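Asks: Would you mind keeping the following structure in view while I ask a few things?
Protein chains: 2
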Amino acid sequence: MTARILVVDDIPVNVRLLEAKLSAEYFEVLTASDGLSALEVAHAQAPDLILLDVMMPGMDGFEVAERLRSDPKTWHIPIVMITALTDTADRVRGLEAGADDFLSKPVNDIALFARVRSLARLKVMMDELRVRNATTGEFDILGEAPQNAEEDAANGRILMVESENLLARSVTEILTEAGHSIRRATSNNEALELGREPGLDLIMVNLSLAGEDGLRLCSQFRSQDETRHVPILLILEENELAQLAKGLEIGITDYLIRPIDRNELLARTRTQIRRRRYHDQLHRMLDNSLSLAYTDALTGVYNRRYMDAHLDRKILEMVEAQKPVSVMMLDIDHFKQVNDTYGHASGDAVLKAIAQRVTGGIRDFDLLARYGGEEFVVIMPSTPAEDSMMVAERLCRMIEAEPFEVPGSETPVVITASIGAATATKPAETAEALLARADTALYQAKNGGRNQVCLAEEPEAAVPTAPPAVAAGGT
Amino acid sequence: MTARILVVDDIPVNVRLLEAKLSAEYFEVLTASDGLSALEVAHAQAPDLILLDVMMPGMDGFEVAERLRSDPKTWHIPIVMITALTDTADRVRGLEAGADDFLSKPVNDIALFARVRSLARLKVMMDELRVRNATTGEFDILGEAPQNAEEDAANGRILMVESENLLARSVTEILTEAGHSIRRATSNNEALELGREPGLDLIMVNLSLAGEDGLRLCSQFRSQDETRHVPILLILEENELAQLAKGLEIGITDYLIRPIDRNELLARTRTQIRRRRYHDQLHRMLDNSLSLAYTDALTGVYNRRYMDAHLDRKILEMVEAQKPVSVMMLDIDHFKQVNDTYGHASGDAVLKAIAQRVTGGIRDFDLLARYGGEEFVVIMPSTPAEDSMMVAERLCRMIEAEPFEVPGSETPVVITASIGAATATKPAETAEALLARADTALYQAKNGGRNQVCLAEEPEAAVPTAPPAVAAGGT
Numbered sequence: 306m307t308a309r310i311l312v313v314d315d316i317p318v319n320v321r322l323l324e325a326k327l328s329a330e331y332f333e334v335l336t337a338s339d340g341l342s343a344l345e346v347a348h349a350q351a352p353d354l355i356l357l358d359v360m361m362p363g364m365d366g367f368e369v370a371e372r373l374r375s376d377p378k379t380w381h382i383p384i385v386m387i388t389a390l391t392d393t394a395d396r397v398r399g400l401e402a403g404a405d406d407f408l409s410k411p412v413n414d415i416a417l418f419a420r421v422r423s424l425a426r427l428k429v430m431m432d433e434l435r436v437r438n439a440t441t442g443e444f445d446i447l448g449e450a451p452q453n454a455e456e457d458a459a460n461g462r463i464l465m466v467e468s469e470n471l472l473a474r475s476v477t478e479i480l481t482e483a484g485h486s487i488r489r490a491t492s493n494n495e496a497l498e499l500g501r502e503p504g505l506d507l508i509m510v511n512l513s514l515a516g517e518d519g520l521r522l523c524s525q526f527r528s529q530d531e532t533r534h535v536p537i538l539l540i541l542e543e544n545e546l547a548q549l550a551k552g553l554e555i556g557i558t559d560y561l562i563r564p565i566d567r568n569e570l571l572a573r574t575r576t577q578i579r580r581r582r583y584h585d586q587l588h589r590m591l592d593n594s595l596s597l598a599y600t601d602a603l604t605g606v607y608n609r610r611y612m613d614a615h616l617d618r619k620i621l622e623m624v625e626a627q628k629p630v631s632v633m634m635l636d637i638d639h640f641k642q643v644n645d646t647y648g649h650a651s652g653d654a655v656l657k658a659i660a661q662r663v664t665g666g667i668r669d670f671d672l673l674a675r676y677g678g679e680e681f682v683v684i685m686p687s688t689p690a691e692d693s694m695m696v697a698e699r700l701c702r703m704i705e706a707e708p709f710e711v712p713g714s715e716t717p718v719v720i721t722a723s724i725g726a727a728t729a730t731k732p733a734e735t736a737e738a739l740l741a742r743a744d745t746a747l748y749q750a751k752n753g754g755r756n757q758v759c760l761a762e763e764p765e766a767a768v769p770t771a772p773p774a775v776a777a778g779g780t
Numbered sequence: 306m307t308a309r310i311l312v313v314d315d316i317p318v319n320v321r322l323l324e325a326k327l328s329a330e331y332f333e334v335l336t337a338s339d340g341l342s343a344l345e346v347a348h349a350q351a352p353d354l355i356l357l358d359v360m361m362p363g364m365d366g367f368e369v370a371e372r373l374r375s376d377p378k379t380w381h382i383p384i385v386m387i388t389a390l391t392d393t394a395d396r397v398r399g400l401e402a403g404a405d406d407f408l409s410k411p412v413n414d415i416a417l418f419a420r421v422r423s424l425a426r427l428k429v430m431m432d433e434l435r436v437r438n439a440t441t442g443e444f445d446i447l448g449e450a451p452q453n454a455e456e457d458a459a460n461g462r463i464l465m466v467e468s469e470n471l472l473a474r475s476v477t478e479i480l481t482e483a484g485h486s487i488r489r490a491t492s493n494n495e496a497l498e499l500g501r502e503p504g505l506d507l508i509m510v511n512l513s514l515a516g517e518d519g520l521r522l523c524s525q526f527r528s529q530d531e532t533r534h535v536p537i538l539l540i541l542e543e544n545e546l547a548q549l550a551k552g553l554e555i556g557i558t559d560y561l562i563r564p565i566d567r568n569e570l571l572a573r574t575r576t577q578i579r580r581r582r583y584h585d586q587l588h589r590m591l592d593n594s595l596s597l598a599y600t601d602a603l604t605g606v607y608n609r610r611y612m613d614a615h616l617d618r619k620i621l622e623m624v625e626a627q628k629p630v631s632v633m634m635l636d637i638d639h640f641k642q643v644n645d646t647y648g649h650a651s652g653d654a655v656l657k658a659i660a661q662r663v664t665g666g667i668r669d670f671d672l673l674a675r676y677g678g679e680e681f682v683v684i685m686p687s688t689p690a691e692d693s694m695m696v697a698e699r700l701c702r703m704i705e706a707e708p709f710e711v712p713g714s715e716t717p718v719v720i721t722a723s724i725g726a727a728t729a730t731k732p733a734e735t736a737e738a739l740l741a742r743a744d745t746a747l748y749q750a751k752n753g754g755r756n757q758v759c760l761a762e763e764p765e766a767a768v769p770t771a772p773p774a775v776a777a778g779g780t
């Protein structure tokens, strides 16, 4: 882990001291000697972390932190305040101004490096997500400073792992009063179990769990999928600081030293919950963008792109497992009339309703895609020809049975569909050839009077597959 | 960093020893006492790393490694072989079987943990990419074992940072003979400069560069965007092993100890290049999927989804900067006739050609999206009404001027378009209102005889905006 760190202090010897320490550990160091130039450097150079002196003439560290937090270009950079102040009220003020942590002068090297590495690691992970989201355009990397920090951290769902009843009760009281909801586990096993529940915003772990190793539990949370990215706040005694460095290395995200100060507890809880939610939001947006690429915007079923990517692989997979795979091609009958009579919006409504009805009529492991226009394809794994006929016949009946509500028509409109089905029997058949046979069968179903299913003939061994029927645009 | 590690050794006391060491550092440990059960555990539990004893009765470590590498479920798990063998030929055999590294018995703790953490970190990063890609369906997490490892690592582009001429020459000779192409830098600055060039597969750094610090350079490579993910192979002397742990922590990916063995050099180079290309491929596929979500499949320009996401923000941005933003809505005249006369495929060809011609006629900072059917929208930042009229008029002329090649027609077909333009003037105007005004203007252009541009009237202060014209489906 390497990182670019901005050191801000008005006393040159302090700057040089930190610079030497960090540089010896192969961090890159930027420096600033007052608040204003700190803001400038942070804005222009985008460091991975800022070490910020609190007491400076002119603009002090609190104000610098606040300004960094309200600038869309710098709000996400972690800040560690460095201070001679040991008063809890000052620590809380710093946290509320936006600091992620405090280190006391003289700075202890182990604490410094552990904290710096842990925060820089989180920052790099976030950056990767931010950059990727920025490419989609839904997310503007410059315009996403959270407007209401209080709100972003409200109603947190917190898991507390704590065997001391007294401490558990007082922490629960403080957090509940602030609007968070707390569940408590008293053993490692119970904690891992409760950690599996979705929607957790924060885990608090007491380092000295009765008879168990708190750090071991943190490590297990980090290797369990459901809790890998949930922030962990470690609660420890002043004399357990040596274990803190190990904890940060394992992946805990913050800590509180007993006796616990009410306001510090609330401030650190807020910071962690806010980061967690932001991280979640980035993940969700990314997943959403990815799923959009493979979804038909109108009907919400898979698009042709997805089907094209899947069908060849599915055929190979099935052939390897010596199972048949079938496809059906479904085309809405006289769809053009719906469009011409009731307008495009009504045509769209029918497409949506058909997609929904087909989804309800196929099996969970079948895959429905809109192939284009009014044409859908269903891929049916492990399905022999007879079964595919059964499913296709059922779909035909389901579509015909209940007339469709169409905007622009006072009474529901009867709509039918024609289906061509084909089953891959030869290992060598490609997706293209299979679809072409289904398309030919669909053409026969149309010619046979529509609202019916035709099964494709098996491809002849020597003769190449018949060319696909003309695209069924006007049928 | 925490990870699940599989320890494989036929001697129980060796297993217990490694298990104790790893567990004390909060790694999770799985164990197996022979080759077959190692394969089973690896397959079922998907560990993050495998520590593999070489000499075991029955299936030895080489064979286990080979089998792990050829199983699509395990090929990506890093393997460190643990061996009493010190013969270089054995090391090379292990690397060729698929090991990522070797540790000699008795295992040195610092080397062990540095290597384990470094490989586990890479693995976690890869997993994140693999999982995300798997959701897109283009990539099957189970079916992607590289079929031809040799080929995946051929023709590597390597940057060698080396001040010793003799060493540089012999390494270059070996690698060039194997088909790689080498560029050499002799100083840190030159190295960072050359590192900026795209397409680099591997960087080799001599730890003892004349007068400079090799690790500092590695750290700089890691903070420079272009080289952040390029593997680094460190070359060092036997007596510099202490610095290796630091190097692995900074992010170097592999190392070679002098004197350099030709086959070991080639094997490690191959492994690194292959991993780099795999990582690159995952990144590319992800970016590709993301861009698909915002691209119109037919024409390749932005889709409506992207435009909807952008326009509101662009308006706000422009209003803040006190600059006007204009939009134009362009609709192809009598498009239905093209479809009806020459078929859908010809209609599609015209849509593509129009998108291409419009792209050529707008400015670099304008944004073209297909809005639906035969309708396109152009967003024009910093553009007052007069300028938008000029651009729109030019587009009209460009489309009309040169008839379009249409499949199905022997002579090119004259096609025209109508355009409605509107400029956001009030800070309060939404994207929706702005587009509605452009749509009304488009309707006027159609009514005025098509093949012309109409400029929208400014919205009246008190009266709400006129409702948008009916979708121009049949115009």
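Sequences listed follow chains A and B, in order. Here the first sequence is numbered in the numbering used here, starting from 306 and rising by one per residue. Here the second sequence is numbered in the numbering used here, starting from 306 and rising by one per residue. Cβ coordinates follow ideal geometry from the N, Cα and C atoms, glycine included. It should be emphasised that the depicted structure is a prediction, and the values quoted were computed from it without experimental measurement.
(1) Would you grab the beta carbon distance between B/Ala-697 and B/Val-632 for me? Rounded to a whole angstrom, and I think it's under 8 angstroms.
(2) How would you write the range of the beta strand (DSSP E) that A/Ser-486 sits in, first residue to last?
(3) What is the rounded straight-line gap between the Cα of B/Asp-592 and the Cα of B/Cys-701?
(4) Less than 7 angstroms separating the Cβ of A/Ala-496 from some heavy atom of the ligand FMN?
(5) Taking 8 angstroms as the CB-CB cut-off, is B/Thr-780 touching chain A?
(6) Does B/Thr-558 get closer than 8 angstroms to chain A when you measure Cβ to Cβ?
(7) Per the DSSP calculation, A/Thr-664 is bridged to which residue(s)?
(8) What's the gap between the Cα of A/Met-509 and the Cα of B/Gly-504?
(9) In chain order, which continuous runs of the beta strand (DSSP E) of length 3 or greater are located wholly inside the stretch 714-751 of chain B?
(10) Only counting runs of 4 or more residues, tell me where the alpha helix (DSSP H) segments fall wholly within the stretch 674-718 of chain A, in order along the chain.
(11) For a cutoff of 8 angstroms on Cβ pairs, would you count A/Thr-307 as touching chain B?
(12) Counting only the same chain and skipping the five closest in sequence on each side, list residues whose C-beta sits under 8 angstroms from that of A/Arg-420.
(13) Cα separation between A/Gln-452 and A/Arg-579?
(14) Could you confirm whether any beta carbon from chain A is found closer than 8 angstroms to the beta carbon of B/Leu-595?
(15) In angstroms, rounded to a whole number, what distance separates the CA positions of A/Leu-740 and A/Thr-730?
(16) Is A/Asp-671 near A/Leu-747, with beta carbons less than 8 angstroms apart?
(17) What does DSSP give as the partner residues of B/Ile-310 in its beta bridges?
(18) Counting C-beta neighbours from all protein chains within 10 Å, is the total for A/Val-369 16 or more, i.e. buried, or is it exposed?
(19) Does A/Ile-555 get closer than 8 angstroms to chain B when you measure Cβ to Cβ?
(20) So is B/Leu-538 in contact with chain A if we call contact Cβ pairs under 8 angstroms?
(21) In the structure shown, what three-state DSSP assignment does A/Asn-544 receive?
(22) Check A/Arg-462 in the structure and name its three-state DSSP category.
(23) Measuring only the C-alpha atoms, how far is B/His-649 from B/Thr-604?
(24) List, in chain order, every chain B residue whose beta-carbon is nearer than 7 angstroms to that of A/Leu-520.
(25) Is it true that the stretch 520-531 of chain B meets the stretch 562-575 of chain B, where meeting means three or more beta-carbon pairs spaced less than 8 angstroms apart?
(26) Please check if any C-beta of chain B sits within less than 8 angstroms of the C-beta of A/Ala-602.
(27) Would you mind telling me which residues of chain B sit closer than 7 angstroms to A/Ser-513, beta carbon to beta carbon, in chain order?
(28) Just the Cα atoms here: how many angstroms apart are B/Phe-640 and B/Glu-679?
(29) Contact between the stretch 335-342 of chain B and the stretch 358-372 of chain B: three or more CB pairs below 8 angstroms?
(30) By the criterion of Cβ-Cβ separation under 9 angstroms, what are the contact partners of A/Arg-435 in chain B?
(31) Does the Cβ of B/His-348 have 16 or more other Cβ atoms within 10 Å, making it buried, or fewer, making it exposed?
(32) Counting only Cβ pairs nearer than 8 angstroms, list the residues of chain E close to A/Ser-524.
(33) Which residues of chain A have a Cβ atom closer than 8 angstroms to the Cβ of B/Arg-610, listed in chain order?
(34) Please state the DSSP three-state secondary structure of B/Met-430.
(35) Spatial neighbours of A/Thr-558 within its chain, please: C-beta separation below 8 angstroms, excluding the five flanking residues on both sides.
(36) Contact criterion: CB-CB distance below 8 angstroms. Does B/Ser-714 meet it with respect to chain A?
Replies: Let me spell this out:
(1) Here the question's residue 697 of chain B lines up with position 392 in the second sequence. Here the question's residue 632 of chain B lines up with position 327 in the second sequence. So it is not a contact: roughly 10 angstroms between Cβ atoms.
(2) The sequence position of residue 486 of chain A within the first sequence is 181, counting from 1. Looking at the DSSP string, the run of the beta strand (DSSP E) that includes A/Ser-486 is 486-490.
(3) Along the second sequence, one-based indexing puts residue 592 of chain B at 287. Along the second sequence, one-based indexing puts residue 701 of chain B at 396. Answer to the nearest angstrom: the Cα atoms are 35 angstroms apart.
(4) No copy of the ligand FMN appears in this structure; indeed no ligand is present at all.
(5) Stepping through the second sequence from its first residue, residue 780 of chain B is reached at position 475. Caution is warranted here: a pLDDT of 43 is assigned to B/Thr-780, below 50, making its placement in the model unreliable, and the coordinate value is therefore given only provisionally. False, the Cβ-Cβ gap to chain A never drops below 8 angstroms.
(6) Here residue 558 of chain B is taken as the residue at index 253 of the second sequence, counted from 1. No, B/Thr-558 does not count as interfacial toward chain A.
(7) Taking the first sequence and counting its residues from 1, one reaches residue 664 of chain A at position 359. BP columns for A/Thr-664 are empty, so no partner.
(8) Here residue 509 of chain A refers to the residue found at position 204 of the first sequence. Here residue 504 of chain B refers to the residue found at position 199 of the second sequence. Near 45 angstroms, if we compare the C-alpha coordinates of B/Gly-504 and A/Met-509.
(9) 722-729
(10) 690-706
(11) As a first step, residue 307 of chain A must be located in the first sequence, where it is residue number 2. Yes, because at least one Cβ of chain B sits closer than 8 angstroms to the Cβ of A/Thr-307.
(12) Mapped onto the first sequence, residue 420 of chain A falls at position 115. Closer than 8 angstroms at the Cβ level, and outside the excluded window around A/Arg-420, lie Val-385, Asp-406, Leu-408, Leu-553.
(13) The sequence position of residue 452 of chain A within the first sequence is 147, counting from 1. The sequence position of residue 579 of chain A within the first sequence is 274, counting from 1. Any answer about A/Gln-452 is weak, because its pLDDT of 46 lies below 50 and its placement is not dependable; what the coordinates show is given next. Rounded to the nearest angstrom, the two C-alpha atoms are 12 angstroms apart.
(14) Walking along the second sequence from the start, residue 595 of chain B turns up at place 290. So, interface residue.
(15) Here residue 740 of chain A refers to the residue found at position 435 of the first sequence. Here residue 730 of chain A refers to the residue found at position 425 of the first sequence. About 13 angstroms.
(16) By one-based count along the first sequence, residue 671 of chain A stands at place 366. By one-based count along the first sequence, residue 747 of chain A stands at place 442. Cβ atoms of A/Asp-671 and A/Leu-747: not closer than 8 angstroms.
(17) Numbered from its first residue, the second sequence carries residue 310 of chain B at position 5. In the DSSP output, where bridge partners are listed per residue, B/Ile-310 has B/Val-334, B/Leu-354.
(18) Translated into the one-based positions of the first sequence, residue 369 of chain A becomes position 64. With 16 or more other Cβ atoms within 10 Å, it is buried.
(19) Along the first sequence, one-based indexing puts residue 555 of chain A at 250. Answer yes: the Cβ-Cβ gap between A/Ile-555 and chain B drops below 8 angstroms somewhere.
(20) As a working mapping, residue 538 of chain B is identified with position 233 in the second sequence. No - not a single Cβ of chain A is within 8 angstroms of the one on B/Leu-538.
(21) Translated into the one-based positions of the first sequence, residue 544 of chain A becomes position 239. Here A/Asn-544 sits in helix by DSSP.
(22) Taking the first sequence and counting its residues from 1, one reaches residue 462 of chain A at position 157. In the structure shown, A/Arg-462 sits in a strand (DSSP, three-state: E or B).
(23) As a position in the second sequence, residue 649 of chain B is number 344, starting the count at 1. As a position in the second sequence, residue 604 of chain B is number 299, starting the count at 1. About 14 angstroms.
(24) Looking up residue 520 of chain A in the first sequence gives position 215. What A/Leu-520 touches in chain B: Tyr-331.
(25) no
(26) Position 297 of the first sequence, counted from the start, is the residue given in the question as residue 602 of chain A. Yes, A/Ala-602 counts as interfacial toward chain B.
(27) Indexing the first sequence from 1 puts residue 513 of chain A at position 208. What A/Ser-513 touches in chain B: nothing, since even the nearest Cβ is about 16 angstroms away.
(28) Position 335 of the second sequence holds residue 640 of chain B. Position 374 of the second sequence holds residue 679 of chain B. For B/Phe-640 and B/Glu-679, the distance between alpha carbons rounds to 7 angstroms.
(29) yes
(30) If you number the first sequence from 1, residue 435 of chain A lands on position 130. Going along chain B, no residue has its Cβ under 9 angstroms from A/Arg-435, so there is no contact; the nearest lies around 13 angstroms.
(31) Sequence index remark: in the second sequence, residue 348 of chain B carries index 43 (1-based). The residue is exposed, with fewer than 16 neighbouring Cβ atoms inside 10 Å.
(32) Reference to chain E is not applicable here, since the protein chains of this structure are A and B.
(33) Locating residue 610 of chain B in the second sequence gives position 305, where the first residue counts as 1. The contacting residues are Leu-597, Ala-602.
(34) Numbered from 1 along the second sequence, position 125 holds the residue referred to as residue 430 of chain B. It is helical.
(35) Position 253 of the first sequence, counting from 1, holds the residue named residue 558 of chain A. Ser-423, Leu-427, Pro-536, Ile-537, Leu-538, Gln-577, Arg-580.
(36) The sequence position of residue 714 of chain B within the second sequence is 409, counting from 1. No, its Cβ sits nowhere closer than 8 angstroms to a Cβ of chain A.
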